[in-house]
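Read the structure below first, then the notes.
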Amino acid sequence: MAKMNLLQAVNNALDIAMAQNSKVICFGEDVGGFGGVFRATSHLQEKYGRDRCFNTPLVEQGIIGFANGLASQGSVPVAEIQFADYIFPAFDQIVNEAAKFRYRSGNLFDVGGLTIRTPYGGGIAGGHYHSQSPEAYFAQTPGLKVVVPRNPHQAKGLLLASIRDPNPVIFFEPKRIYRASVGEVPEEDYELPLSSAEVVKEGSDITLLAWGAQMEYLDMADQLAEKDGISCELIDLRTIVPWDIETVVASVKKTGRLLITHEAPVTGGFAGEISATIQERCFLHLESPIARVAGMDTPYPLALEKEYIPDHLKIYEAIKRSIHF
Amino acid sequence: MAKMNLLQAVNNALDIAMAQNSKVICFGEDVGGFGGVFRATSHLQEKYGRDRCFNTPLVEQGIIGFANGLASQGSVPVAEIQFADYIFPAFDQIVNEAAKFRYRSGNLFDVGGLTIRTPYGGGIAGGHYHSQSPEAYFAQTPGLKVVVPRNPHQAKGLLLASIRDPNPVIFFEPKRIYRASVGEVPEEDYELPLSSAEVVKEGSDITLLAWGAQMEYLDMADQLAEKDGISCELIDLRTIVPWDIETVVASVKKTGRLLITHEAPVTGGFAGEISATIQERCFLHLESPIARVAGMDTPYPLALEKEYIPDHLKIYEAIKRSIHF
Amino acid sequence: MKTGTKDRVVHKLNFIRGDELQIPTYKVLKQDGSPYKGATLPDLEQSTALRIYKAMVRTRVLDERMLAAQRQGRLSFYMQSTGEEATTVGFAAALDDEDMIMAQYREQGALVYRGFTLDEFMNQLFSNERDYGKGRQMPIHYGSSKLHYMTISSPLATQIPQATGYAYGQKLAGEGKCTVTVFGEGAASEGDFHAALNMASVLKVPVIFLCRNNGYAISTPSNEQFAADGIAPRALGYGMHTIRVDGNDTLAVYAATVEARRIAVEQNEPVLIESMSYRLAAHSSSDDPSGYRSKKEEEAWASKDPLLRMKQWLFLQKWWTEEEDSKLFDAERREVLATLKEAEKRPICKLDELITDVYDTPPTLLVEQLDQLKAHIRLYPDAYPKTSGDLDHG
Amino acid sequence: MKTGTKDRVVHKLNFIRGDELQIPTYKVLKQDGSPYKGATLPDLEQSTALRIYKAMVRTRVLDERMLAAQRQGRLSFYMQSTGEEATTVGFAAALDDEDMIMAQYREQGALVYRGFTLDEFMNQLFSNERDYGKGRQMPIHYGSSKLHYMTISSPLATQIPQATGYAYGQKLAGEGKCTVTVFGEGAASEGDFHAALNMASVLKVPVIFLCRNNGYAISTPSNEQFAADGIAPRALGYGMHTIRVDGNDTLAVYAATVEARRIAVEQNEPVLIESMSYRLAAHSSSDDPSGYRSKKEEEAWASKDPLLRMKQWLFLQKWWTEEEDSKLFDAERREVLATLKEAEKRPICKLDELITDVYDTPPTLLVEQLDQLKAHIRLYPDAYPKTSGDLDHG
Ligand SMILES: Cc1ncc(C[n+]2csc(CCOP(=O)(O)OP(=O)(O)O)c2C)c(N)n1
Ligand SMILES: Cc1ncc(C[n+]2csc(CCOP(=O)(O)OP(=O)(O)O)c2C)c(N)n1
Ligand SMILES: [Mg+2]
Ligand SMILES: [Mg+2]
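Residue numbers (my numbering), protein chains in the order written: chain A, 895 to 1219; chain B, 895 to 1219; chain C, 47 to 440; chain D, 47 to 440.
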């Protein structure tokens, strides 16, 4: 075990993946000698050479187009998009190409080796172009997997699993806690399962569900609720699609209540999908409406960021509303 | 009144908009002399000149980037994307630019004049690249309006309203019924309201909600259910975002049941958002789970299209399941 | 700092005009099949020359017959490559058969050359159970892993940066292979084109960009597609080797591709070839070109038929006769029709294929969706006649 | 058919190499301020020359002070344009003040030249209630409708096709105005660049594409950004007029832009100007360039300071003295500091601005969300100190 922050855990996972498989190749804007603007790819060029870790020209659609081709050739590209806000120029290469590559060819060709890493989320005074949480934009795209880790230990295990998963994966890294989230991380190679939610705390009154940096607010809200004698079950969804319906259903059948939180705007966010699915499957078990605590339906603001964020206080209030419905 | 099919209604709306306002400009791939691959812009170049109706080079990101600039200058661009499946290269210009233009500038600049027209949907043996229904991809983007008409009369009134609405609008045209849907359309200039759902048939047992071409299947399913003595209320949502929550809530409070159908894959589709919102607002009125009848979670198929489509029979069966829950 | 620019300095204000940059067209054969004086002729063996010509003939016949079949309502859609066979067969012949080809959709000639059988074509065109693509894409979206031919994808130009990536992988693999990506002059307007060429130059990748400049993108003529002297000058803007060839001259296309491949593989440098030709047929079976161009223009180009030119050259070489030629055409027509008749009878794939290949294995939710669909079809077997009879054999 | 290509034919197989295309750099002044022999000097009045120089000085001082303020923790973020003032002020001076400018983010010089006041700068930098952008974007995302300066947007290159569209509207309006879009050599790699230039050429649009080639895109040096001789050759690939200028030479930038504007407005044709310079400071306040380049390289470029060159020229013209110069610097420093102190005290905008301008009027759901937020803040006023005291004044 070693103490690592989330960035170091990502860097460590990339290092292990590259050491173990010479087909793993890391690239993106400023990813090479400099090691990325957040330094997630530090020292990888030194260790594995310019052929396997390099800067690309500044063109996201090209980065992912290139990555798709490289993956179809049998390599294992790990492409970085510098900020999730800048993933949209590559949207076509992701949803029309990567996601449909295997299906359209009847499995003659696939881009299963592809992983796209990108820092997402707010809370860093970044305004609307350094704060977005675009996971739901990808959630209506069969063929993609979307993964979000909540801490260093999860980040390493989930990233290694994503790189080795035989399907294209978008790996969203919670940049607000890149350095703030520090924890014990095994030094060796390990994987954590995709499409498997984790019950991080058991409880009986209400199920609280989140992913990524939002798990921190969930914890804080839980502590407030605990003082009121409310017993919360906390679940980290970890993989957004294909998501682990069974674990959430089992929990809600037990608690009778569900609250989902994410940073992205509420309308069209993935909480809507979860809510719809759970009310289909747990209708007779629900004691109150499934609650969503999410970003407002505006672009991500700057000066009013604190007000905008779905923080622990908003979650706590929503927990109480659900319990006292 | 005149008999028109949906394409003619679109063409007629464009003609009226261009005649009435010299700032309206239509362009896109093959839109000029040829009048578009579906002929929605027929004769407009002849009538209004090459400056106001023209072919662009083959580059969707450029078409929408150009349209954004033109709108910010005060013109009223109506840009065509040849198939909705090809809108993704322009995704960044739509969700990061058009949607945020006014907000980010504090209303110094806006692209309110922009309308993007694009044919969407399946049922035409088009496989996964001529059949997609991508409305939900845009639904998590505050700042955009998304509109889908169900017939020629609606198409003309909603398109005229979209062109004149002071916000960017994506106007999805149901190409399966471009020629099949024929009806009486007023010859004069008229608008139908955006963000306003229409109750197309009143009923008391269950609310059925859809938009665009899917309204046809809803009608057919309703006729089957009627024979069983089930009284359905039919609503055409018409505007996907910002959507008319009040009308749907009022209906569900009355009927106690809701079924939503769309062609796009179920996971991440807009039915999820509607379901989540309605269960929040009508929890105590719901007599059965809100049902979704939608595309399966795969790319749009070809040979198995008939099996894949959320048709009237699937809707009818879901109505019965809801009623007998 | 390196700005990438050289240091020549001037003190007079002088704009360079875009039309100063013009690129000539490389041409070997006259339309009567005889070489131009002093022309660089490629080194072409008789067997290869005949393999090329036969592939051109098969492509021509296939296109004719399948459009006719489409008109008869036997298949839903078709795209002809008529007039461009010199380009699509000629480049393929210049490659190693294991080089990767990532094409647009009008390059059936290359597939024919590599040995994709008529049966393989037909199975795709009829979306039957033997289609490698499992009936999921529209007709003409062929692919073959054994022939190193990437499955066609409709969104234009997406294959171009993918080719750069594929070729990068080939470079690291070090097996001396390259990738050729083919695209139209219309597709070259897409952002992906720019990304692909620039990345290929910077990353030094063995990829050949072959642009089929056939004058139109559906109804849009190339003078509404770009204002410059074609596509080739763009390559110079990326510091790339480039050449323009007469796309109706099989030998010119072949010779240029042989040399391009040498540069790509030996120097790990990308090359662009712009092949000038004309789309003699409609854009697709859904299109009617009379709405946007004249018969006269079409006829002018019809007189430059690449098959004719190649045939005349073969005659001059004494490698082929008029008699052999008409026999070949007859035999091809018969074979195409016979294969068509077999393929159109075959059933479509099983319902289970609806959910395979979305992921490597179907997720639980998708399996549930399939089960529900099967239950539904059992309720209404007549409404889903293609699959209801065979639900449990998946 | 027009293929857009000329008819020159060759019969020898000959690839054109990308590095054959090289574009010289137009330069007027030596670093000591004296003109090169025979140089084309622009026609520049004393008042304009001084307006330009003063704008360069203000830009320099603003950048110095605001970075210092950022280091003191008084503002969250800043981006300097040091070393590139000749480009950003010089081009603006060559325009009609009503021409539209659509810039990237490092063009504060142009805004200074047009008369954006220090107070206006500060209000944006401190996201206070007077910021035109209502505190919604990060520092340096300026905009001014009255100065015809489009609000900056972070996603790179998106403004380039927008500029083509804006200029198309200007052409139809027929008022003799044009649009200038500025972008870095890094941003020129984006697909939007390609789209914008090609569309501008084909649609004959009065737009000037001004590329600031400053050697780096964050840490990425330009030889990892492109393999060609810079950005200018690309313009030729679109059939566009182009010129490369010394971006540290104010007079060269000015002269080139005057002529580019004439071509754009009189001929309705786009022009590309590549301005060669160097980003002397870090990419932004978040960046440390010592990780990717040498002090020596930085010093070599520091010696080419554009302010110095312009000042020396003014001295030679006898339009300016060393004394006036140091007075100006002092005055600017004082004024910047004084304005800063006022601006940082101002409160942020009201909570209601969270939901305005998403649409022309807020939809019902958004109004509900704001009401809920207000109710929530009332429960926890201490947790939201910036807004809780003033919830009802919106
Ligand atoms: C991204 C995208 N936009 C639009 C289309 C529709 N479309 C199909 S083919 C075509 C024209 C292509 O022209 P070109 O590249 O010149 O090839 P050609 O048909 O001449 O061989 C268009 C616009 C598409 N398939 N993909
Ligand atoms: C689409 C997009 N991708 C990435 C970024 C992150 N980013 C901001 S500035 C920058 C470098 C830009 O370099 P250049 O265009 O040369 O301008 P310079 O900073 O040198 O003035 C990058 C990569 C962005 N803002 N937008
Ligand atoms: Mg073409
Ligand atoms: Mg730069």
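Glycine residues also receive a C-beta, built at the ideal position from the N, C-alpha and C atoms.
Listed by chain order, chain B residues near residue i by CB distance under 9 Å
i, result
"GLY1000 (chain A)", "Neighbours of GLY1000 (chain A) on chain B: none; closest Cβ ~11 Å, over 9 Å."
Near ligand 2: residue i beta-carbon under 6 Å from a heavy atom
i, result
"LEU952 (chain A)", "yes"
"ARG280 (chain D)", "no"
Amino acids of chain D, ordered along the chain, whose beta-carbon sits closer than 7 Å to that of residue i
i, result
"ASN949 (chain A)", "THR266 and GLU270"
"PHE928 (chain A)", "SER265, GLY337 and TYR338"
"SER235 (chain C)", "ASN244"
"PRO1087 (chain B)", "Result: empty, since nearest Cβ-Cβ is about 13 Å, beyond 7 Å."
Residue burial classification, residue i (beta-carbon count within 10 angstroms, cutoff 16)
i, result
"LYS58 (chain D)", "exposed"
"ASP1004 (chain A)", "buried"
"THR51 (chain D)", "Summary for THR51 (chain D): the model assigns pLDDT 49, below 50, so the residue's position carries little reliability; its value from the coordinates is reported in the next sentence. So THR51 (chain D) ends up on the buried side."
"GLN976 (chain A)", "buried"
"ARG1044 (chain B)", "buried"
"THR1155 (chain A)", "buried"
"ASP292 (chain C)", "buried"
"ARG1215 (chain A)", "exposed"
"GLY136 (chain D)", "buried"
"PHE167 (chain D)", "buried"
Any non-hydrogen atom of ligand 1 closer than 6 Å to residue i Cβ
i, result
"ILE186 (chain C)", "no"
"ARG325 (chain C)", "yes"
"ARG152 (chain C)", "yes"
Contacts of residue i in chain B (Cβ-Cβ under 8 Å)
i, result
"TYR159 (chain D)", "Result: empty, since nearest Cβ-Cβ is about 19 Å, beyond 8 Å."
"ILE1184 (chain A)", "ALA1170, GLN1173 and GLU1174"
Inter-residue Cα distance where the pair is residue i and residue j
i, j, result
"SER200 (chain C)", "LYS994 (chain A)", "11 Å"
"LEU400 (chain C)", "GLY1150 (chain A)", "35 Å"
"GLY179 (chain C)", "TYR188 (chain C)", "8 Å"
"LEU1112 (chain A)", "ARG424 (chain D)", "22 Å"
"GLY963 (chain B)", "ILE988 (chain B)", "12 Å"
"MET47 (chain D)", "PHE985 (chain A)", "The predicted position of MET47 (chain D) is uncertain, since its pLDDT is 32 and thus under 50; a value taken from the coordinates is nonetheless stated next. Cα-Cα distance, rounded: 36 Å."
Interface residues of chain C facing residue i [CB-CB closer than 8 Å]
i, result
"ILE1139 (chain A)", "THR410 and LEU411"
Proximal chain B residues relative to residue i, where beta-carbon distance stays under 7 Å
i, result
"VAL404 (chain D)", "TYR997, PRO1036 and GLY1037"
"GLY1166 (chain A)", "GLY1166, GLU1167 and ALA1170"
Neighbouring residues, chain D, relative to residue i (Cβ below 9 Å)
i, result
"GLU305 (chain C)", "LEU59 and PHE61"
Residue i: CB within 6 Å of a non-hydrogen atom of ligand 3
i, result
"ASN1001 (chain B)", "no"
Bounding residues of the beta strand (DSSP E) (the contiguous stretch that carries residue i)
i, result
"MET516 (chain C)", "In the structure displayed, chain C extends from 47 to 440; residue 516 (chain C) sits before or after that span and is not available."
Contact set between residue i and chain A, taken where Cβ atoms lie within less than 9 Å
i, result
"ASN244 (chain C)", "PRO951, VAL953 and GLY956"
"THR1192 (chain B)", "TYR997, PRO1036 and GLY1037"
Residue i Cβ short of 6 Å to ligand 4 heavy atom set
i, result
"TYR262 (chain D)", "yes"
"GLU231 (chain D)", "yes"
Beta-carbon neighbours of residue i, restricted to chain C and to distances below 7 Å
i, result
"ASP945 (chain A)", "LEU218"
Partner residues on chain D for residue i, Cβ-Cβ distance less than 8 Å
i, result
"GLU991 (chain B)", "SER199, PRO201, THR204 and GLN208"
Opening and closing residue of the alpha helix (DSSP H) in which residue i lies
i, result
"ARG998 (chain A)", "995-998"
"TYR942 (chain B)", "938-942"
Proximal residues of chain A, C-beta to C-beta of residue i below 8 Å
i, result
"GLY181 (chain D)", "PRO1195, LEU1196, ALA1197 and LEU1198"
"SER173 (chain D)", "LEU1196 and ALA1197"
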